[in-house]
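Colleague:
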Amino acid sequence: QGVVPEEIVLPATVLAAGAAVFYPALGWKSALLGGGVAFVALLAPAVLRPGGMGWGDVKLAPLLGIVTGFPSILVGLFASFILGGIAAVVVLVSRKGSRKTALPFVPFLAAGTMVGMIWGRVAAEWYFALF
């Protein structure tokens, strides 16, 4: 069973938040908003459906949101859930598991965050321009 080491994640989150002040390309407001949005986005399913989302995912979310920033983290989270969903479908179709099979979400969070870092701002600007 995978464990997200809070001894690493929590200090890294504090350091990333502090470093955001000195990184003008991201900006501290974008970083903190990104961290807050990511935290709430993963806290909600963890609270509303216990066992559906692990607490390690919830603890990691603010760090990923801070380093990605807002609105890019929205794209990153969306990509994470899409990638996790694809993996779940593959597990079901290949009969390697059932609907009750737990998939670690951290790898999908990491991959989705990379998507958000690379294409997040452009994708978010495109999406918000539709409205």
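Under the numbering used here, residues 440 to 570 are what the sequence shown spells out, in order.
For each residue, glycine too, the CB sits at the ideal point set by N, CA and C.
1) Along the chain, where does the alpha helix (DSSP H) that runs through Leu421 open and close?
2) Can you grab the Cα-Cα spacing for the pair Ser537 / Val460, in whole Å?
3) Using three-state DSSP, classify Phe461 as helix, strand or coil.
4) Do Leu542 and Gly515 count as a contact pair if the criterion is CB distance below 8 Å?
5) Is the region 495–514 touching the region 468–479, taking contact as three or more C-beta pairs under 8 Å?
6) Report the three-state DSSP secondary structure of Thr452 (helix, strand or coil).
7) Does the region 445–456 touch the region 486–501, meaning 3 or more C-beta pairs lie closer than 8 Å?
8) Suppose the cutoff is 7 Å on Cβ atoms and the five residues either side in sequence are ignored; what does the same chain contact list for Val554 look like?
9) Rounded to whole angstroms, what is the Cα-Cα separation between Gly504 and Ser533?
10) If I measure Cβ to Cβ from Leu471 and keep anything under 8 Å in the same chain, skipping five residues before and after, which residues do I get?
Modeller: Per the coordinate set shown:
1) Coverage of the chain is limited to positions 440 through 570, which leaves residue 421 absent and any answer about it impossible.
2) Translated into positions along the sequence shown, residue 537 becomes position 98. Translated into positions along the sequence shown, residue 460 becomes position 21. Looking at the two C-alpha atoms, the distance is approximately 45 Å.
3) Translated into positions along the sequence shown, residue 461 becomes position 22. It is coil, neither helix nor strand.
4) The residue you call residue 515 lines up with position 76 of the sequence shown. The residue you call residue 542 lines up with position 103 of the sequence shown. In this structure, Leu542 does not lie closer than 8 Å to Gly515 by Cβ.
5) Touching, yes.
6) On the sequence shown, residue 452 is found 13 positions in, with the first residue counted as 1. Shown here, Thr452 sits in a helix according to DSSP, grouped into three states.
7) By the Cβ criterion, the region 486–501 is in contact with the region 445–456, since at least three pairs of Cβ atoms, one from each stretch, lie closer than 8 Å.
8) Position 115 of the sequence shown holds residue 554. For Val554, the CB contacts under 7 Å within the same chain, skipping 5 residues up- and downstream, are Val514, Gly515 and Ala518 in chain order.
9) Start at 1 with the first residue of the sequence shown, and residue 504 comes out as number 65. Start at 1 with the first residue of the sequence shown, and residue 533 comes out as number 94. Near 33 Å, if we compare the C-alpha coordinates of Ser533 and Gly504.
10) In the sequence shown, residue 471 corresponds to position 32, counting from 1. Cβ within range, chain order: Ala456, Ala459 and Ile505.
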